[in-house]
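Novice:
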Amino acid sequence: MTTIQKKPATGERNPIAHLTEADIEAIGVELDAIRQSVLDDRGASDAAYIRRLIATQRHLELGSRVVLLFSAFPPAWVLGTTGLSIAKILDNMEIGHNILHGQWDWMRDPKIHSSTWEWDNATPAAQWKHSHNEVHHTYTNVVGKDNDLGYGIMRVDEEQRWHPFHLGQPLWNFINACLFEYGIAAYDLDLGATIKKKQHQDPAFRAQAGQVLRKIRKQATKDYLVHPLLSLPTGSFLPTLAANATANVVRNLWSHSIIMCGHFPEGVETFEKRSIEGETKGDWYVRQMLGSANISGSKFLHLMSGNLSHQIEHHLFPDLPSNRYAEVAPKVQALFEKYDLAYCARPLVPQVYSAWHKVVRLSLPNDWLATTTPKNLPSQLKTLYAMATKGPKVRRAAQARLTQLARRQAAASAPTEVSAAA
Amino acid sequence: MTTTVEPSAAAAHRGGRLRDRAMRVAEAATTPLVPADFLDLFAPLRSGAELRGRIEEIHPETADAATVVIRPGADWAGHVPGQYVRIGIDVDGVRQWRAYSLTHGPRADGRISITVKAVPDGVVSNHIVHQARPGTLVHLTQAEGEFVLATDHDRLLFVTAGSGITPVIGMLRNLFPSTDDGVLRLPRSAGLDIVVVHVAPSHPHSIFIRDLEALDAAGVITLIARYDDEHGVLDINDIDHLVPDLASRRTFACGPAGLLDALAAHHDAAGLELVVEQFRASRVEPGEGGTVTFADGRTLEADGATPILDVAESADVLMPSGCRMGICMGCVIPLKEGAVRDLRNGAITSVVPGETGVLKVQTCINAAAGDCHFDH
Ligand SMILES: Cc1cc2nc3c(=O)[nH]c(=O)nc-3n(C[C@H](O)[C@H](O)[C@H](O)COP(=O)(O)OP(=O)(O)OC[C@H]3O[C@@H](n4cnc5c(N)ncnc54)[C@H](O)[C@@H]3O)c2cc1C
Ligand code: FES
Numbered sequence: 001m002t003t004i005q006k007k008p009a010t011g012e013r014n015p016i017a018h019l020t021e022a023d024i025e026a027i028g029v030e031l032d033a034i035r036q037s038v039l040d041d042r043g044a045s046d047a048a049y050i051r052r053l054i055a056t057q058r059h060l061e062l063g064s065r066v067v068l069l070f071s072a073f074p075p076a077w078v079l080g081t082t083g084l085s086i087a088k089i090l091d092n093m094e095i096g097h098n099i100l101h102g103q104w105d106w107m108r109d110p111k112i113h114s115s116t117w118e119w120d121n122a123t124p125a126a127q128w129k130h131s132h133n134e135v136h137h138t139y140t141n142v143v144g145k146d147n148d149l150g151y152g153i154m155r156v157d158e159e160q161r162w163h164p165f166h167l168g169q170p171l172w173n174f175i176n177a178c179l180f181e182y183g184i185a186a187y188d189l190d191l192g193a194t195i196k197k198k199q200h201q202d203p204a205f206r207a208q209a210g211q212v213l214r215k216i217r218k219q220a221t222k223d224y225l226v227h228p229l230l231s232l233p234t235g236s237f238l239p240t241l242a243a244n245a246t247a248n249v250v251r252n253l254w255s256h257s258i259i260m261c262g263h264f265p266e267g268v269e270t271f272e273k274r275s276i277e278g279e280t281k282g283d284w285y286v287r288q289m290l291g292s293a294n295i296s297g298s299k300f301l302h303l304m305s306g307n308l309s310h311q312i313e314h315h316l317f318p319d320l321p322s323n324r325y326a327e328v329a330p331k332v333q334a335l336f337e338k339y340d341l342a343y344c345a346r347p348l349v350p351q352v353y354s355a356w357h358k359v360v361r362l363s364l365p366n367d368w369l370a371t372t373t374p375k376n377l378p379s380q381l382k383t384l385y386a387m388a389t390k391g392p393k394v395r396r397a398a399q400a401r402l403t404q405l406a407r408r409q410a411a412a413s414a415p416t417e418v419s420a421a422a
Numbered sequence: 423m424t425t426t427v428e429p430s431a432a433a434a435h436r437g438g439r440l441r442d443r444a445m446r447v448a449e450a451a452t453t454p455l456v457p458a459d460f461l462d463l464f465a466p467l468r469s470g471a472e473l474r475g476r477i478e479e480i481h482p483e484t485a486d487a488a489t490v491v492i493r494p495g496a497d498w499a500g501h502v503p504g505q506y507v508r509i510g511i512d513v514d515g516v517r518q519w520r521a522y523s524l525t526h527g528p529r530a531d532g533r534i535s536i537t538v539k540a541v542p543d544g545v546v547s548n549h550i551v552h553q554a555r556p557g558t559l560v561h562l563t564q565a566e567g568e569f570v571l572a573t574d575h576d577r578l579l580f581v582t583a584g585s586g587i588t589p590v591i592g593m594l595r596n597l598f599p600s601t602d603d604g605v606l607r608l609p610r611s612a613g614l615d616i617v618v619v620h621v622a623p624s625h626p627h628s629i630f631i632r633d634l635e636a637l638d639a640a641g642v643i644t645l646i647a648r649y650d651d652e653h654g655v656l657d658i659n660d661i662d663h664l665v666p667d668l669a670s671r672r673t674f675a676c677g678p679a680g681l682l683d684a685l686a687a688h689h690d691a692a693g694l695e696l697v698v699e700q701f702r703a704s705r706v707e708p709g710e711g712g713t714v715t716f717a718d719g720r721t722l723e724a725d726g727a728t729p730i731l732d733v734a735e736s737a738d739v740l741m742p743s744g745c746r747m748g749i750c751m752g753c754v755i756p757l758k759e760g761a762v763r764d765l766r767n768g769a770i771t772s773v774v775p776g777e778t779g780v781l782k783v784q785t786c787i788n789a790a791a792g793d794c795h796f797d798h
């Protein structure tokens, strides 16, 4: 028995109960072989891909900003804002995210290297690399360890005790989506914990916070001062300012949606801290397989998502060049099928819906949403009101009733549902 | 006087300030990139850019050697014949830096040329000779090297072997430019008396042999060619017979380490001066290896035979580099703690914190000799 089998995903069912220790090791071996096959023929055409993409992004950004110099003219505003939004998304997703992962370090090009790259985002590359590459990719979906999971402000799993505070989480999540780059900067800084522990005088924290503020100031100066001022001669100061704000929000909403789809949709497993003690390479691989979800769609979608639409492949092989994920995906999926594991992939809209559904479901007490029907809505609302306003004792009692109700409903409904959950 | 000087100085000052300010605006408008990132899209060879060049022509010289003509960027500062340039070129998507001698004097068209011989399994040389295409952008450094002629001597002996002819042909072409009407005799080369001893495996494998023969036919040099297949492998001590007036000449030599070492021993014994250019360092037996740790905390296993540069590069650490044979200092990084071993002579350099202070070491010819910590 490996650790992941002993204490698998939190929740009631164990998605890997059927795997033996040897299976898990074999999965690791097969995935290593897939990775090696890409490394073996990584070369000039991959290098040409990222260089072409960077050049395209720069042309697009420059062109859009030039068009926006005339943004008082509405078609120019629309064209420029669309272009700038796409340019910022490309910068952050397919280019920045992947370069900062070291996916292109093998080219030994000092200009396209994880140690030198900087991106159009509030959070400085160095800090993001720590929180993302080291923490998130190591502790993927481990509740309490992986900040990406709910960004420390949300309830992400049934096992986490519900609190009335969580009722607001759909709202927090939406605000976080709009301001995503600042949200990332804050959790790269571990701002919440630092304030809670009153460590904001700590010199290391102050130095990092200083870097973030400088980065934010530079970004804001470019988008909200220099570019609008350069547009002043055509009377386009305000429209250009609005265009930059729009592009930033579009980029934030888009990247937030893509990232939510990666680990949040229904069907993606989360793990307990204890489950990763003594984890082997095979265990780690299996955790990445079950803790990620893909978005199916067109080439353009894959590009715009920074190939995080291949989140499963990305989490298995975070340092392979992103342009190769599409090619390894069928092999990875075949491996899921061979070992009877669920490869979670849906088109963009269902996947975003699924992630939001989970946010809403977990903002409510366990089983509340599932047990609510139009008929019992008034009584359910009364229960919810009581749970939200009264003390922990009331909450516990009400929760017990909800759980019981859910069990009764499940037993009453068709046996298909039971076997589906088994 | 003062009235005319002051306004123009003030104007220049204002101009400078204006430029500075325009630059600051451009920087503020392009952050987190820099203005150069955008200018590079349109004019990679412009003045002020990182030094690059564009390959314009590639001509085969022999079956496994080719001459590459490169248009250098606007900031190319020129060179002295005999010097080399370092070239960064992408092979299979990976940036590789190598040194190549310049095979022309400064040319009227402002271009530079190198001649590359493909060595067995050579990553860059095979790519350049067999795969590279005109139009490719390469990265360059300014010309470097001490293998150049001084004006104080007009009796010269060149000893070259194989592709070691390249820096010498650069000097000879500069001294005796060849035109459609034959070899030009310029005042600057009037008094020169030059002997070239050229060693090659065979006549057809000999780069620039036709140029050497033409110079010999024109009477401006004396060519003594020795082909392994015709004359047998040259014993360097025979040079006394090949060039009887050796002692009155200054010797310039370029070729494999074995030949250069033998020649150095010979000249040493005879008390003669020798100027050499080496393409590749000779190595001693390796010692024990160790580990190499970088500033970001990454630690790599390093054996005692592999240069630290190669160890780091194969783990995708971004490293400065140049000639890769210990002559240009393009690869030095600070060693904070630990010991390294010079692969050319076995010399150990160790850094003890608080005692020796940080030392800068060349990573291309040093291997780890224990656990090393670099501030890089
Ligand atoms: C100052 C200087 C000037 C140079 N000028 C020239 C020049 O004008 N023309 C030219 O062709 N080369 C020149 N070189 C050599 C050149 O820099 C490269 O070392 C050479 O082209 C081999 O590189 P590679 O990438 O093909 O081989 P690598 O992939 O680096 O090496 C592959 C194999 O070849 C061996 N090897 C490396 N170098 C040589 C060599 N020179 N001869 C034989 N085997 C070798 C290696 O040990 C290895 O086993 C010069 C080097 C220096 C330092
Ligand atoms: S690379 Fe030239 S000295 Fe090391």
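Residue numbers (our numbering), protein chains in the order written: chain A, 1 to 422; chain B, 423 to 798. For glycine and all other residues, C-beta sits at the position ideal for the given N, C-alpha and C. For clarity, every value in this text was computed on a predicted model and none was experimentally measured.
#1: Quick one: list the residues of chain B neighbouring His130 of chain A, beta-carbon separation under 9 Å, in chain order.
#2: With Arg533 of chain B as the anchor, note down where its alpha helix (DSSP H) starts and where it stops.
#3: Name the residues in the segment 198-217 of chain A whose C-beta lies less than 9 Å from a C-beta of chain B; which are they?
#4: For a test of your reading of the model: does the CB of Ser743 of chain B fall under 8 Å from any non-hydrogen atom of ligand 2? Yes or no.
#5: Take Lys88 of chain A and list the residues in its own chain whose beta-carbon comes closer than 6 Å to its own, dropping the five residues that flank it on each side.
#6: Along the chain, where does the beta strand (DSSP E) that runs through Cys390 of chain B open and close?
#7: What residue range does the beta strand (DSSP E) around Ser523 of chain B cover?
#8: Mind checking the segment 443-455 of chain B against chain A and listing, in chain order, the residues whose C-beta falls within less than 7 Å of any C-beta there?
#9: Against chain A, does Glu723 of chain B count as a neighbour if the rule is that its beta carbon must be under 9 Å from one of theirs?
#10: Per DSSP, which residues does Glu759 of chain B bridge with? Please list them.
#11: Under the criterion of a Cβ to heavy atom distance below 8 Å, does Val754 of chain B qualify as lining ligand 2?
#12: May I ask which residues mark the beginning and end of the beta strand (DSSP E) holding His620 of chain B?
#13: Going by DSSP in three states, Asp732 of chain B sits in which element: helix, strand or coil?
#14: Among the residues of its own chain, which have a CB less than 8 Å from the CB of Pro228 of chain A, if the five just before and after it don't count?
#15: Regarding Arg595 of chain B and ligand 1, is the C-beta to nearest heavy atom distance less than 8 Å?
#16: For Glu118 of chain A, return the contacting residues in chain B, with the cut-off set at a CB-CB distance below 7 Å.
#17: Does the beta-carbon of Asn659 of chain B have 16 or more other beta-carbons within 10 angstroms, so that it is buried, or is it exposed?
#18: Alpha carbon to alpha carbon, how far is Ala293 of chain A from Pro318 of chain A? Give it in angstroms, no decimals.
#19: For ligand 1, any of its heavy atoms closer than 8 Å to the Cβ of Pro589 of chain B?
#20: Could you name the residues of the same chain whose beta carbon sits closer than 7 Å to that of Val538 of chain B, not counting the 5 residues immediately before and after it, in chain order?
#21: Can you tell me which residues form a DSSP beta bridge with Ile295 of chain A?
#22: In three-state DSSP terms, what is Ser413 of chain A?
#23: CA-CA distance, Ile629 of chain B and Leu316 of chain A?
#24: Name, going along the chain, the residues of the segment 720-748 of chain B whose beta-carbon falls closer than 7 Å to a beta-carbon of chain A.
#25: State the DSSP-derived secondary structure class of Asn14 of chain A, mapped to helix, strand or coil.
#26: With H, G and I counted as helix, E and B as strand and the rest as coil, what does DSSP make of Ile112 of chain A?
#27: For Leu765 of chain B, which of helix, strand or coil comes out of DSSP?
#28: Would a C-beta distance cut-off of 9 Å place Gly510 of chain B and Gln518 of chain B closer than the cut-off?
#29: Which of the three DSSP states, helix, strand or coil, is assigned to Pro494 of chain B?
#30: Excluding five sequence neighbours on each side, which residues of the same chain lie with their C-beta closer than 7 Å to the C-beta of Phe70 of chain A?
#31: Between the Cα of Leu578 of chain B and the Cα atoms of B:Leu696, B:Leu562, B:Asp442 and B:Gln784, which residue gives the shortest distance?
#32: Compute every distance between the C-beta of Pro678 of chain B and the non-hydrogen atoms of ligand 3, then say whether any falls below 8 Å.
#33: Tell me whether Gln505 of chain B counts as near ligand 2, meaning its Cβ is closer than 8 Å to at least one heavy atom of that ligand.
#34: Starting from His481 of chain B, follow its DSSP beta bridges and name the residues at the other end.
#35: Taking the C-alpha atoms as reference points, what is the distance between Leu384 of chain A and Pro265 of chain A?
#36: Just the C-alpha distance for Ile184 of chain A and Trp172 of chain A, rounded to the nearest angstrom, thanks.
Specialist: Once the coordinates are examined:
#1: In the first sequence, residue 130 of chain A corresponds to position 130, counting from 1. In chain order: nothing, as chain B lies at least about 10 Å away.
#2: Position 111 of the second sequence, counting from 1, holds the residue named residue 533 of chain B. Looking at the DSSP string, Arg533 of chain B is not in any alpha helix (DSSP H), and its letter there is neither H nor E.
#3: Lys215
#4: Mapped onto the second sequence, residue 743 of chain B falls at position 321. Yes, since a heavy atom of ligand 2 falls inside the 8 Å radius drawn around the Cβ of Ser743 of chain B.
#5: What you label residue 88 of chain A is simply residue 88 of the first sequence in a count that begins at 1. Taken in chain order, the residues that qualify are Asp120, Ala247 and Arg251.
#6: What the structure shows of chain B is the stretch from 423 to 798, and residue 390 of chain B is not part of that stretch, so it cannot be assessed.
#7: As a position in the second sequence, residue 523 of chain B is number 101, starting the count at 1. Taken as a continuous stretch (DSSP letters only), the beta strand (DSSP E) holding Ser523 of chain B covers Val516 to Ser523.
#8: Val447, Ala450, Ala451, Thr453 and Pro454
#9: On the second sequence, residue 723 of chain B is found 301 positions in, with the first residue counted as 1. It does not; no Cβ of chain A falls within 9 Å.
#10: What you label residue 759 of chain B is simply residue 337 of the second sequence in a count that begins at 1. Answer is B:His795, bridged to Glu759 of chain B.
#11: Here residue 754 of chain B is taken as the residue at index 332 of the second sequence, counted from 1. Yes.
#12: Walking along the second sequence from the start, residue 620 of chain B turns up at place 198. Start and end: Asp615 to Ala622.
#13: Counting from 1 along the second sequence, the entry for residue 732 of chain B is found at position 310. Helix, per DSSP.
#14: Here residue 228 of chain A corresponds to residue number 228 of the first sequence, with the count starting at 1. Once the five neighbours on either side are set aside, the close Cβ partners of Pro228 of chain A are Ser236, Phe237, Leu238, Thr240, Leu241 and Asn244.
#15: Mapped onto the second sequence, residue 595 of chain B falls at position 173. No.
#16: One-based indexing of the first sequence puts residue 118 of chain A at position 118. Those are Pro454, listed as they occur along chain B.
#17: For the purposes of this step, residue 659 of chain B is taken as the residue at position 237 of the second sequence. Flag for Asn659 of chain B reads exposed.
#18: Here residue 318 of chain A is taken as the residue at index 318 of the first sequence, counted from 1. Here residue 293 of chain A is taken as the residue at index 293 of the first sequence, counted from 1. If I take the Cα positions, the gap works out to 14 Å.
#19: The residue you call residue 589 of chain B lines up with position 167 of the second sequence. Yes, Cβ of Pro589 of chain B sits closer than 8 Å to a heavy atom of ligand 1.
#20: Counting from one through the second sequence, the residue named residue 538 of chain B turns up at place 116. Excluding positions up to five away in sequence, the list reads Ala487, Ala488, Val490, Tyr522, Ser547, Ile550 and Val551.
#21: Within the first sequence, residue 295 of chain A is the residue found at index 295, counting from 1. Partner(s): A:Arg346.
#22: If you number the first sequence from 1, residue 413 of chain A lands on position 413. Of the three classes helix, strand and coil, the one that applies to Ser413 of chain A here is coil, per DSSP.
#23: Residue mapping note: residue 629 of chain B aligns to position 207 of the second sequence, counting from 1. Residue mapping note: residue 316 of chain A aligns to position 316 of the first sequence, counting from 1. Approximately 51 Å between the Cα atoms of the pair.
#24: Glu735, Asp738 and Leu740
#25: Taking the first residue of the first sequence as position 1, residue 14 of chain A is located at position 14. Of the three classes helix, strand and coil, the one that applies to Asn14 of chain A here is coil, per DSSP.
#26: Against the first sequence, residue 112 of chain A aligns to sequence position 112. It is coil, neither helix nor strand.
#27: Counting from one through the second sequence, the residue named residue 765 of chain B turns up at place 343. In the structure shown, Leu765 of chain B sits in coil (DSSP, three-state: anything other than H, G, I, E or B).
#28: Position 88 of the second sequence, counting from 1, holds the residue named residue 510 of chain B. Position 96 of the second sequence, counting from 1, holds the residue named residue 518 of chain B. Yes, these two residues count as a Cβ contact at 9 Å.
#29: Counted from its first residue, the second sequence places residue 494 of chain B at position 72. Here Pro494 of chain B sits in strand by DSSP.
#30: On the first sequence, residue 70 of chain A is found 70 positions in, with the first residue counted as 1. Taken in chain order, the residues that qualify are Ala76, Thr234 and Ser236.
#31: Numbered from 1 along the second sequence, position 156 holds the residue referred to as residue 578 of chain B. When only C-alpha atoms are compared, the closest one is B:Leu696.
#32: Absence of ligand 3 is noted for the structure shown, with ligand 1 and ligand 2 being the only ligands found.
#33: Within the second sequence, the letter at position 83 stands for residue 505 of chain B. Because no heavy atom of ligand 2 lies under 8 Å away, the Cβ of Gln505 of chain B does not count as near it: no.
#34: In the second sequence, residue 481 of chain B corresponds to position 59, counting from 1. The partner list for His481 of chain B (beta bridge, DSSP) reads B:Thr489.
#35: Walking along the first sequence from the start, residue 384 of chain A turns up at place 384. Walking along the first sequence from the start, residue 265 of chain A turns up at place 265. Distance between the alpha carbons of Leu384 of chain A and Pro265 of chain A: 24 Å.
#36: Within the first sequence, the letter at position 184 stands for residue 184 of chain A. Within the first sequence, the letter at position 172 stands for residue 172 of chain A. Near 14 Å, if we compare the C-alpha coordinates of Trp172 of chain A and Ile184 of chain A.
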